[in-house]
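Engineer: In my numbering, the protein residues as written are 540 to 900.
Take this structure, written in structure tokens, and hold onto it; I'll ask about it next.
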């Protein structure tokens, strides 16, 4: 079996057996505009004022298509050497073209229209019915779901399981798509993916071929990989992005209170880029987060999520994980715009990744 791995921008492969990897880039598709013309959502050719020099500057910050540009902020373009006014015009042009093509929703919608749009959102099963029920059907697309908890509570196991279940057909809770796993703590294990896939009755080699792994070595590398994600999502037909963990390198690279402000600014920019990517490309994004001691807690849980208010406000859903009795794990919604906050889900780690915890007799 084999997993594709990015190391410092170079493709390499992990072998645990005899297998061949064949990856086909997704074909470009044209979207009809209101005027009858076609918009190629993977090209910048429809934009006014974009010559070769501008394309090179955009490419330097990971922008290769209208989708990438719509997910970027004018400030990012300015930092790449593009005039501030032109940067605003380009971002606006990209979004208007995608709206006119029907690829993105209009800027203003009624509440009923928003409700209808949300009915079209997709979800990825976690492979565990109780956790799916807690999440109202699974991990949602167009959102960033945060898994927070101490070590050994099941965060990485859920991420590995999702890399398998996202490949299931839609009628079985998947998206018939691949996954991109951004590994910041060297916790990705292809052997574990193989075990989960086999236990769930899938072809392990084929499952591994659809999991693309990026090993990230510092916070700057993480920011670069996130900027390039749009291109990789297209190439590998992925609908799930995992960042395990989002905070690890930022904590290591920015030590001391004097560096806290800069750390939070860069963390905020990275999270917002992930959220815009999820919304525009209709993918599910899952990030894991660590916990730190809470000296102000006189009762209850003595820990709190790392990342402060920036991380708390930047993810759509926050799920707190902890150890339960009899080797079980417990998940609870910590923050959500609409999920019930008083419900819990119990699960167990097994050969299938995670599954419902059955009471021991």
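Even for Gly, the Cβ is constructed at its ideal location relative to N, Cα and C.
(1) List the whole-angstrom C-beta distance separating residue 806 from residue 850, where the pair is believed to meet the contact cut-off of C-beta under 8 Å.
(2) Within the same chain, show all residues whose beta-carbon is closer than 8 Å to that of residue 656, passing over the 5 residues directly before and after it, in chain order.
(3) Counting only runs of 3+ residues fully inside the region 739 to 774, write out the beta strand (DSSP E) ranges in chain order.
(4) Grab me the residues of residue 609's own chain with a C-beta within less than 6 Å of its C-beta, minus the 5 sequence neighbours each way, in chain order.
(5) Do residue 779 and residue 617 have their beta-carbon atoms positioned less than 8 Å apart in this structure?
(6) Across which residues does DSSP place residue 885 in a beta bridge pair?
(7) Could you name the residues that DSSP lists as bridge partners for residue 859?
(8) Could you spell out the range, first to last residue, of the alpha helix (DSSP H) harbouring residue 592?
(9) Tell me whether residue 566 sits in a helix, a strand or coil according to DSSP, three-state version.
(10) Measure the alpha-carbon distance for residue 672 versus residue 771 and round it to whole angstroms.
(11) Quick one: what's got a C-beta closer than 7 Å to residue 896's C-beta in the same chain, skipping five residues either side?
(12) Could you pull the start and end residues of the beta strand (DSSP E) that residue 821 belongs to?
(13) Per DSSP, which residues does residue 895 bridge with? Please list them.
(14) Per DSSP, what kind of secondary structure is residue 670 in: helix, strand or coil?
(15) Going along the chain, which unbroken runs of the alpha helix (DSSP H) with 4 or more residues stay wholly within the region 680 to 729?
(16) So which of 650, 747, 796 has the shortest CA-CA distance to residue 720?
(17) Checking 8 Å against the spacing of the C-beta atoms, do residue 782 and residue 826 come in under that value?
(18) Does residue 797 pass the burial test, meaning 16 or more other C-beta atoms within 10 Å, or should it be called exposed?
(19) Nearest to residue 847 by alpha carbon, out of 802, 856, 855, 876?
(20) Would you kindly work out how many angstroms separate the C-alpha atoms of residue 683 and residue 611, rounded to a whole number?
(21) For the beta strand (DSSP E) that residue 783 lies in, which residues bound it at each end?
(22) So the candidates are 745, 681, 726; which of them puts its Cα closest to the Cα of residue 706?
Structural biologist: Judging by the given coordinates:
(1) Yes, residue 806 and residue 850 are in contact; Cβ-Cβ is about 7 Å, under 8 Å.
(2) Cβ within range, chain order: 644, 648.
(3) The region 739 to 774 contains these whole beta strand (DSSP E) runs: 750 to 754.
(4) Around residue 609: 633, 634, 637, 819.
(5) Taking 8 Å as the Cβ cut-off, residue 617 and residue 779 do not qualify as a contacting pair.
(6) 869.
(7) According to DSSP, residue 859 bridges with 687, 871.
(8) For residue 592, the enclosing alpha helix (DSSP H) starts and ends at 591 to 598.
(9) With a pLDDT of 31 at residue 566, under the threshold of 50, the predicted position of this residue should be treated as unreliable, and no value is reported.
(10) Approximately 31 Å, taken between the alpha carbons.
(11) In chain order, 867, 885, 886, 887 place their CB closer than 7 Å to the CB of residue 896, counting only its own chain and leaving out the 5 sequence neighbours on each side.
(12) For residue 821, there is no enclosing beta strand (DSSP E), as DSSP gives it neither H nor E.
(13) Looking at the DSSP output, residue 895 bridges to 886.
(14) Looking at residue 670 - three-state DSSP - the assignment turns out to be helix.
(15) List check, alpha helix (DSSP H) in window: 694 to 704.
(16) Nearest C-alpha to residue 720: 747.
(17) Cβ distance < 8 Å, so residue 782 and residue 826 count as in contact.
(18) Exposed, by the Cβ-count rule.
(19) Its Cα nearest to that of residue 847, the residue 802 stands out among 802, 856, 855, 876.
(20) Using only the alpha carbons, I get a separation of about 17 Å.
(21) For residue 783, the uninterrupted beta strand (DSSP E) segment begins and ends at 777 to 783.
(22) Considering only alpha carbons, the answer is 745.
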